[in-house]
Amino acid sequence: MPSYKEHVLASIIMVFPFFPEVFYVALAVVGASIIDMDHKVNQKNIIIMGLLGVILALLLYIFKLPYLVGVLIALMALLFYISDHRGFMHSILGIIFITGCISFFVLGAYILLSDYNISLKISLIIILLILGIVILNKKLVPVFGFLIIIGLIFSTRIGFNTYYVVLSLFLGCLSHIILDLFTPSGVQLLNPISSEKFKKLAGLTLLGIWGGCVIASVVLYGNNFFIIR
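When we follow full-length UniProt numbering, the leftmost residue of the sequence shown carries the number 1, and every step to the right adds one.
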């Protein structure tokens, strides 16, 4: 079974050719890390996530902002709590749902912080720190926090794009699934539609699709390998 370090490295490798900026790379790391929250050892973090979702929903409702953001976070926590490890949350539908929920949280937090005229860099740091503390392995949190703070503070080019947020999170989640496909137990990619377990062949296929996208970006954009700027 791949360790959290391997999942982090894989997420960075998969997202970097498309979104090399610190914020989006960090989101991919979050996406890769959240998948294993369906493991029983992470129940404490799941409870914290659920409470965060409820509190966020109440705050957004009070300030007449989209409180669905908090509701989705709480719902996601509930699904993680009741799901078996490598069950629904490790499937294609599962990572699409996870991506949607975290993306709504990021967007909602960004809008809320913007309403209080908090600078973009500080807003992005706050968002990433909240996600990191709740989701990441505790050994990784200090390094993650230090790197994103330094990286964002000294970034000369920074922005916020909702589409990039979604794609970065999805690539991070997908990188986790791909690594797990190369393990003996495999992954139920089509859960809950099918309980069939997919293994190495499916992993190679997904890697091939990713590689094809990278090659296509080089062909289409020439020397500008980083296609999203």
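Every residue gets a Cβ at the ideal spot worked out from N, C-alpha and C, and that includes glycine.
For the pair of segments examined, the stretch 33-47 was found to touch the stretch 64-84: the number of CB pairs separated by less than 8 Å reaches three. The Cβ-Cβ distance between S175 and S11 falls below 7 Å. Residue pairing by DSSP puts V187 in a beta bridge opposite F198. Ranking G211, Q188, V30 and I98 by CA distance to the CA of G145 puts V30 first.
Scanning its chain for C-beta atoms nearer than 6 Å, with the 5 sequence neighbours on each side dropped, one finds around F104 the residues V69 and L72, in chain order.
If you draw a straight line from the Cα of I126 to the Cα of V22, it is about 14 Å long.
In the structure shown, Y4 falls within a helical segment according to DSSP collapsed to helix, strand and coil. For the pair K139 and L9, the Cα-to-Cα distance works out to about 15 Å. Restricting attention to M76, T205, L107 and D115, the CA atom closest to the CA of I96 is found in M76. Rounded to the nearest angstrom, the Cβ distance from K197 to G186 is 4 Å, consistent with a contact under 8 Å. When DSSP states are grouped into helix, strand and coil, P142 belongs to the helix group.
The C-beta distance from I135 to M37 rounds to 7 Å, short enough to fall under 8 Å. Sequence-distant partners of D180 (beyond 5 residues in either direction) whose C-beta falls short of 6 Å from its own C-beta, in its chain, are V187.
By the neighbour-count criterion, in which 16 or more other beta carbons inside 10 Å mark a residue as buried, S33 falls on the buried side. Here the alpha carbons of L112 and L129 stand approximately 16 Å from one another. When the alpha-carbon of K199 is set against those of T183, T156 and L207, the nearest one is in T183. Proximity to G151 across F18, Y24 and I102 peaks at Y24, based on C-alpha coordinates. Our two residues, L65 and N191, have alpha carbons roughly 33 Å apart in a direct line.
Apart from sequence neighbours up to five positions away, the residues of its chain that approach Y61 with a beta-carbon distance below 6 Å are Y67, ordered along the chain.
In the three-state DSSP reduction, T156 falls in the coil class, being neither helix nor strand.
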